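Everything below concerns the one structure shown next.
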Amino acid sequence: MRITRARLQDDSLVDVEVADGRIAAVTPAGSAAAATADGDLDLDGRILVPGLWDEHVHLGQWAAHRRRISILDVGSAAEAAARIRDALRTQPADEPLVAVGMREGLWSDAPSRALLDAVAGDRAVTAISADLHATWSSSAMGRMLGVELPGDGMLREAPSFAAMRTLEATVDDTTRERWIRDALAAAASRGVVGITDLDLDDAVGAWSRRSGSPIRVEVGVYPHDLDAAEARGDRTGRAIHDRVHVGPLKVITDGSLGTRTAYCHDPYPDGGRGLLEVPPEQLAAVLTRGAGMGLRPAVHAIGDAALAHVLDVFEATGITGRIEHAQLATDADVARMGALGVTASIQPEHMLDDRELIALYWAGRERLAYRIRSLLDAGVGVILGSDAPVAPLDPWVSMAAAVTRSRDGDVPWQPHEGIDVATALACSVRSTIAVGLPADLVAIDGPLEAERLRSMPVALTMVGGDVLHSTL
1229 MRITRARLQD
1239 DSLVDVEVAD
1249 GRIAAVTPAG
1259 SAAAATADGD
1269 LDLDGRILVP
1279 GLWDEHVHLG
1289 QWAAHRRRIS
1299 ILDVGSAAEA
1309 AARIRDALRT
1319 QPADEPLVAV
1329 GMREGLWSDA
1339 PSRALLDAVA
1349 GDRAVTAISA
1359 DLHATWSSSA
1369 MGRMLGVELP
1379 GDGMLREAPS
1389 FAAMRTLEAT
1399 VDDTTRERWI
1409 RDALAAAASR
1419 GVVGITDLDL
1429 DDAVGAWSRR
1439 SGSPIRVEVG
1449 VYPHDLDAAE
1459 ARGDRTGRAI
1469 HDRVHVGPLK
1479 VITDGSLGTR
1489 TAYCHDPYPD
1499 GGRGLLEVPP
1509 EQLAAVLTRG
1519 AGMGLRPAVH
1529 AIGDAALAHV
1539 LDVFEATGIT
1549 GRIEHAQLAT
1559 DADVARMGAL
1569 GVTASIQPEH
1579 MLDDRELIAL
1589 YWAGRERLAY
1599 RIRSLLDAGV
1609 GVILGSDAPV
1619 APLDPWVSMA
1629 AAVTRSRDGD
1639 VPWQPHEGID
1649 VATALACSVR
1659 STIAVGLPAD
1669 LVAIDGPLEA
1679 ERLRSMPVAL
1689 TMVGGDVLHS
1699 TL
């Protein structure tokens, strides 16, 4: 197969020959002889870029999220309850109702179980926070999940994660797999050729039971699954299927900003400093065990104190890897990340969701939040992702946020930390267009300009020479 009249980022027009899943030749447009045996794809001057990766996805949750009601835009618990009440009228009575996008930290009133019970009655209802770190449930949902709920119906961090896993287990396998296939196809239509899947519940086991994936997937392992992973011989890079491999060891050390559980040096307005879920000595033991198995770490650290602890452990053990989020970082720790060779896995769209929360809970420290430009300047490797379903599984959205630091006409937030389009693209790909490299390629219907990124039309997505999406 040959891709003809492709425009590269340097504005040159080329033909790209693909054979056996790899790029076999890149030549000036029109210089090759006859068409290849399996045909040509004429880009007619469209821009061709390497395929995009979303480096932080919870695929099962994202697949389910796409079919749930959103309360992202509501301003109060009362308004959320009213939307849930309306949705219950059309929801089958024997199915639990799940709302997503809860941002109770910005609501004008507090959620309560009584408020939810008043609209839900004996129906099982839960709302999942936008950052996935909390759930608000009705009494009937608590009974269904076998969970004792507090008076406000709110579960946070580990109890919430456990409840969500139990909830997801109520979806039958056939339905869940259909949702996942649909989510992967939708991702491919946005130019995604690969994801890092960090689903919480034995994702390696789930992928082992599937027949494969159209796009590339690296599958995370969590500490609670290390015994099973060791028995399987899991190591980062082990093939599960042709395009599916074991990914990093994911460890969650603190919470999130929205739930005021991100672990920080300075207190929140209510006096707490957040939650340190995994103390340094425990983190060192987990990472050391993982390193012995060949698992590279990806450690969740949102607050600046959590980040400092992770870097201390990296220094003490000599182990390094990815830090997921790194949303609040001191100057000293930005420099340490560069010196240690750490990769920062950043989700830029969170910044636009969080800017009001930062003003509320990290007041006076805004300069230390979402420091993409500073990280790059310090020599830190930066990769971009969505944390879907916290943000859409769409690298163009992540790139737009990283470049413009704005959305919907808002004033750019901390614009000095913005990056240019070429840099954002480089942080979103794992390859280049060069002979011998995998034919993971994307063609777009428009110029690579900052204002067009968020809704960039994708004309072609190819993975390993296979066309997964085309509007040509």
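Using this note's numbering, the first residue of the sequence shown is number 1229, and each one after it goes up by one.
All C-beta atoms in this analysis are idealised placements derived from N, C-alpha and C, irrespective of residue type, glycine included.
It should be emphasised that the depicted structure is a prediction, and the values quoted were computed from it without experimental measurement.
Close beta carbons around residue i, own chain, < 6 angstroms, minus the five adjacent residues each side
{"i": "ALA1490", "result": "ASP1482, GLY1483, SER1484, GLY1502, ILE1530, GLY1531"}
{"i": "HIS1469", "result": "GLY1440"}
{"i": "ARG1172", "result": "Residue 1172 is absent from the structure shown; the chain starts at 1229 and stops at 1700."}
{"i": "PHE1748", "result": "Residue 1748 falls outside the range modelled here, since the chain spans only 1229 to 1700, and no answer is possible."}
{"i": "ALA1260", "result": "ASP1243"}
{"i": "SER1602", "result": "VAL1562"}
{"i": "LEU1665", "result": "ILE1251, SER1659"}
{"i": "GLU1245", "result": "ARG1230, ALA1252, ALA1253"}
Residue i in three-state terms, based on DSSP
{"i": "MET1382", "result": "strand"}
{"i": "ILE1530", "result": "coil"}
{"i": "ALA1667", "result": "coil"}
{"i": "ARG1317", "result": "coil"}
{"i": "GLU1543", "result": "helix"}
{"i": "THR1464", "result": "coil"}
{"i": "ASP1270", "result": "strand"}
{"i": "VAL1538", "result": "helix"}
{"i": "ILE1312", "result": "helix"}
{"i": "ALA1490", "result": "coil"}
{"i": "LEU1377", "result": "coil"}
{"i": "LEU1428", "result": "coil"}
Cβ neighbours of residue i in the same chain (closer than 7 angstroms, five flanking residues each side left out)
{"i": "LEU1236", "result": "VAL1242, LEU1276, ILE1661"}
{"i": "GLY1267", "result": "MET1229"}
{"i": "GLY1674", "result": "ARG1680, MET1684, PRO1685"}
{"i": "ALA1583", "result": "It is Arg, not Ala, that sits at residue 1583 in the sequence shown. Taken in chain order, the residues that qualify are TRP1641."}
{"i": "TRP1290", "result": "ALA1411, ALA1616, PRO1617, LEU1621"}
{"i": "ALA1702", "result": "Here the chain comprises residues numbered 1229 to 1700, so residue 1702 is not present and cannot be evaluated."}
{"i": "GLY1522", "result": "ARG1463, THR1464"}
{"i": "PRO1378", "result": "none"}
Own chain, CB closer than 8 angstroms to residue i, minus 5 neighbours either side, in chain order
{"i": "ALA1587", "result": "GLU1594"}
{"i": "VAL1657", "result": "VAL1277, PRO1278, GLY1279, LEU1280, TRP1281"}
{"i": "ASP1238", "result": "none"}
{"i": "TYR1496", "result": "ARG1488, GLY1502, TYR1589"}
{"i": "PRO1256", "result": "SER1240, LEU1241, VAL1242, ASP1243"}
{"i": "ALA1310", "result": "VAL1347"}
{"i": "ALA1338", "result": "ALA1305, GLU1332, ASP1380"}
{"i": "THR1516", "result": "THR1545, ILE1547"}
The ligand COA heavy atom lying under 7 angstroms from the CB of residue i
{"i": "LEU1539", "result": "Ligands in the displayed structure: none, and consequently the ligand COA is not present."}
Element boundaries [beta strand (DSSP E), containing residue i]
{"i": "GLY1566", "result": "Careful: GLY1566 lies outside any beta strand (DSSP E), inside the alpha helix (DSSP H) at 1559–1568."}
{"i": "PRO1508", "result": "Run containing PRO1508: none in the beta strand (DSSP E); it sits in the alpha helix (DSSP H), 1508–1521."}
{"i": "GLY1185", "result": "This structure leaves residue 1185 out entirely; the chain is present only between 1229 and 1700."}
{"i": "ASP1605", "result": "Careful: ASP1605 lies outside any beta strand (DSSP E), inside the alpha helix (DSSP H) at 1600–1605."}
{"i": "GLY1592", "result": "Per DSSP, GLY1592 belongs to no beta strand (DSSP E) and is neither H nor E."}
{"i": "TRP1254", "result": "What sits at residue 1254 in the sequence shown is Val, not Trp. That run of the beta strand (DSSP E) goes 1250–1256."}
{"i": "VAL1244", "result": "1241–1247"}
{"i": "LEU1485", "result": "Element bounds for LEU1485: n/a, residue is neither H nor E."}
{"i": "VAL1420", "result": "1420–1425"}
{"i": "THR1232", "result": "1230–1235"}
Counterpart residues of residue i in DSSP-defined beta bridges
{"i": "VAL1474", "result": "VAL1447"}
{"i": "PRO1278", "result": "LEU1669"}
{"i": "HIS1578", "result": "Beta-bridge pairing links HIS1578 to no other residue."}
{"i": "ILE1611", "result": "SER1573"}
{"i": "ARG1658", "result": "According to DSSP, ARG1658 bridges with nothing at all."}
{"i": "TRP1335", "result": "Answer is none; TRP1335 lacks a bridge partner."}
{"i": "VAL1695", "result": "MET1690"}
{"i": "VAL1353", "result": "LEU1325"}
{"i": "SER1298", "result": "VAL1328"}
{"i": "ALA1616", "result": "VAL1285"}
{"i": "ALA1597", "result": "LEU1556"}
{"i": "TRP1641", "result": "DSSP, once it has assigned bridges, lists no residue as partnering TRP1641."}
{"i": "THR1363", "result": "ILE1356, LEU1383"}
{"i": "HIS1469", "result": "VAL1472"}
{"i": "LEU1504", "result": "ASP1482"}
Endpoints, the alpha helix (DSSP H) within which residue i is located
{"i": "HIS1553", "result": "That residue, HIS1553, is in no alpha helix (DSSP H); its beta strand (DSSP E) goes 1550–1553."}
{"i": "VAL1631", "result": "1623–1632"}
{"i": "ILE1408", "result": "1401–1416"}
{"i": "GLY1433", "result": "1431–1437"}
{"i": "GLY1370", "result": "1367–1373"}
{"i": "THR1651", "result": "1649–1654"}
{"i": "ARG1341", "result": "1341–1348"}
Supposed close pair residue i, residue j - CB separation, criterion 8 angstroms
{"i": "LEU1535", "j": "ASP1498", "result": "Incorrect: roughly 22 angstroms between the Cβ atoms, too far for contact."}
{"i": "LEU1668", "j": "VAL1691", "result": "It should be noted that the sequence gives Asp, not Leu, for residue 1668. At roughly 5 angstroms, the Cβ-Cβ gap stays under 8 angstroms, so ASP1668 and VAL1691 are in contact."}
{"i": "LEU1426", "j": "HIS1286", "result": "6 angstroms"}
{"i": "GLU1283", "j": "THR1424", "result": "5 angstroms"}
{"i": "SER1671", "j": "ALA1234", "result": "As written in the sequence, residue 1671 is Ala, which differs from the Ser given in the question. The pair is a contact, with the Cβ atoms about 7 angstroms apart (cut-off 8 angstroms)."}
Any C-beta of chain D under 8 angstroms from that of residue i
{"i": "PRO1623", "result": "In the structure shown, chain D does not exist; there is a single protein chain."}
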